[in-house]
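Peer 1: Reading the sequence shown from the start, the letters are residues 193 to 320 in this note's numbering.
All residues carry an ideal CB built from backbone N, CA and C; glycine is no exception.
Every value quoted in this text rests on a predicted model; they were computed, and no experiment measured them.
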Amino acid sequence: MSKVSITVLSGDREKLQFAAMAASVAAVSGFDVLVFLSMNALPHFLKEGAPALTNEGAFGALMEEKNLPPFLDLFDSAVELGDARIYACSMAMDVMEIKKEALLPCVAEPMGLTKFLSEAEGGQCWSF
193 MSKVSITVLS
203 GDREKLQFAA
213 MAASVAAVSG
223 FDVLVFLSMN
233 ALPHFLKEGA
243 PALTNEGAFG
253 ALMEEKNLPP
263 FLDLFDSAVE
273 LGDARIYACS
283 MAMDVMEIKK
293 EALLPCVAEP
303 MGLTKFLSEA
313 EGGQCWSF
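(1) Among Glu256, Met285, Ala215, which residue has its Cα nearest to the Cα of Gly232?
(2) By Cβ distance, which residues of its chain are closer than 8 angstroms to Ala253, with the 5 residues on each side in sequence left out?
(3) The alpha helix (DSSP H) that contains Ala312, what's its start and end?
(4) So, with DSSP's three-state summary, where would you put Ser216?
(5) Where does Ser319 fall in DSSP's three states?
(6) Kindly indicate which three-state DSSP category Lys292 falls into: helix, strand or coil?
(7) Excluding the 5 residues preceding and the 5 following Leu266 in the sequence, name in chain order all residues of the same chain whose CB lies nearer than 8 angstroms to its CB.
(8) For Lys239, which three-state DSSP category applies?
(9) Using three-state DSSP, classify Leu234 as helix, strand or coil.
(10) Output the boundary residues of the alpha helix (DSSP H) element that contains Ser194.
(11) Can you list, in chain order, the residues of its chain with a C-beta nearer than 6 angstroms to that of Gln316? Leave out the 5 residues immediately preceding and following it.
Here's what the structure looks like:
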């Protein structure tokens, strides 16, 4: 089985949406998927107080207008229907003072960058 590792750093609608689409399609296609959330992406995975999405460009506004499936629903599907695991960066959690309990259920235990790189070894790695 092939492995896909996805780092998600951006809080922009377009990047979050594409990362979620890639994760869900790869997971339901039989890929082993590892998603690593950090920096500006991480606050969008909070149970409460997630920031409003920003659009990087005109396409983000178009996606909003067309009511595409929300990126969080796609990440949930990747976990539920495929072999996807979503982890929060432990360093980013420390910096932002986020506790594990504040994260959405689709997010597994926090993970450090060293562990992520070890887990990602030998597979494709994409960044958004």
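Peer 2: Quick answer:
(1) Residue identity differs from the one stated: residue 232 is Asn in this sequence, not Gly. In terms of Cα proximity to Asn232, the closest of Glu256, Met285, Ala215 is Met285.
(2) Excluding the 5 residues flanking it on each side, Ala253 has same chain C-beta neighbours closer than 8 angstroms at Asn247, in chain order.
(3) Where Ala312 is concerned, the enclosing alpha helix (DSSP H) starts and stops at 305-312.
(4) In this structure, Ser216 counts as helix in the three-state DSSP scheme.
(5) Strand at Ser319.
(6) Helix, per DSSP.
(7) Cβ neighbours of Leu266 beyond the five flanking positions: Gln209, Ala212, Met213, Ala215, Ser216.
(8) Coil at Lys239, not helix or strand.
(9) Of the three classes helix, strand and coil, the one that applies to Leu234 here is helix, per DSSP.
(10) Counting along the chain, Ser194 falls outside any alpha helix (DSSP H), and DSSP gives it neither H nor E.
(11) For Gln316, the CB contacts under 6 angstroms within the same chain, skipping 5 residues up- and downstream, are Val196 in chain order.
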